[in-house]
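Residue numbers (UniProt numbering): 1 to 158.
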C-alpha cells in the first residue's frame, strides 16, 4: 500500500537520503526541495511517499494563489518501475482535490525530461504552451463529478 506522510523530525533524515539516477539532473535534491518548502513557501506541503512502511519517495505540493501544483516529485532510484509513482501521483491528486477543492492541478516538468512528460500524460495531465525557466507546465483538469466524489467518498490518510 502506498501512502503520503508528513515530513517531521522522525523521518526527515531518511528523506534526505532519497536519490534519483545520478546521471540525470532533472529533479531538485530533497534537501533543496525541503528548504524551499519550509523557507520560501508558506503554502507548500512536503510529504514522504511510503510503500508498505518503507520510504520510497518525496513530493512537495504548492497550494497558494488558488493554483495547486505538484512542484517536486521523485521516487528513489531503488524503487522505480514498481507502480509507486503512479499510486503516489493519484494520492497527490486526491489530496489536492479533497483538502483544497482543486479543479485544476499544474506541475512543471523539465523540457528535456521526456520520461516525466510521458509519466504525467499517462496520469491524465496535458502538455500546455506554458514554458518558464526551462520547464514545461502540464495541467490536469478535474471534472466536477470526480472532485465531489473525492471530497465526500474517499478516505485519504494524510
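Every residue gets a Cβ at the ideal spot worked out from N, C-alpha and C, and that includes glycine.
Checklist entry - Span of the beta strand (DSSP E) holding residue 136? => result As a working mapping, residue 136 is identified with position 136 in the chain shown. Element bounds for residue 136: 135-141.
Next on the checklist: Quick test of the definition: if touching needs 3 or more C-beta pairs under 8 Å, does the stretch 11-19 touch the stretch 103-120?
Outcome noted: no
Next on the checklist: Our contact map puts residue 59 next to residue 84 with C-beta atoms below 8 Å; I'd like the distance itself, whole angstroms only.
Outcome noted: The count along the chain shown starts at 1 and reaches residue 59 at position 59. The count along the chain shown starts at 1 and reaches residue 84 at position 84. Not really, about 11 Å apart at Cβ, beyond 8 Å.
Item to check | C-alpha gap between residue 48 and residue 130, whole angstroms | outcome: By 1-based counting over the chain shown, the position of residue 48 is 48. By 1-based counting over the chain shown, the position of residue 130 is 130. For residue 48 and residue 130, the distance between alpha carbons rounds to 28 Å.
Checklist entry - Exposed or buried, what is residue 1 when buried is set at 16 or more other beta-carbons lying within 10 Å of its beta-carbon? => result As a first step, residue 1 is located in the chain shown; it is residue number 1 there, counting from the start. Counting Cβ neighbours within 10 Å, residue 1 comes out exposed, since fewer than 16 surround it.
Item to check | Length-filtered (4 minimum) alpha helix (DSSP H) runs lying within the UniProt domain "N-acetyltransferase" (2-143) | outcome: 12-16, 30-35, 84-100, 114-123
Item to check | Nonlocal neighbours in the same chain, by C-beta distance under 6 Å from residue 14, ignoring five residues either side | outcome: Working through the chain shown from its first residue, we reach residue 14 at position 14. Taken in chain order, the residues that qualify are 55.
Checklist entry - Just how far apart, CA to CA, sit residue 7 and residue 46? => result For the purposes of this step, residue 7 is identified with residue 7 of the chain shown, where counting begins at 1. For the purposes of this step, residue 46 is identified with residue 46 of the chain shown, where counting begins at 1. Each residue's alpha carbon lies about 6 Å from the other.
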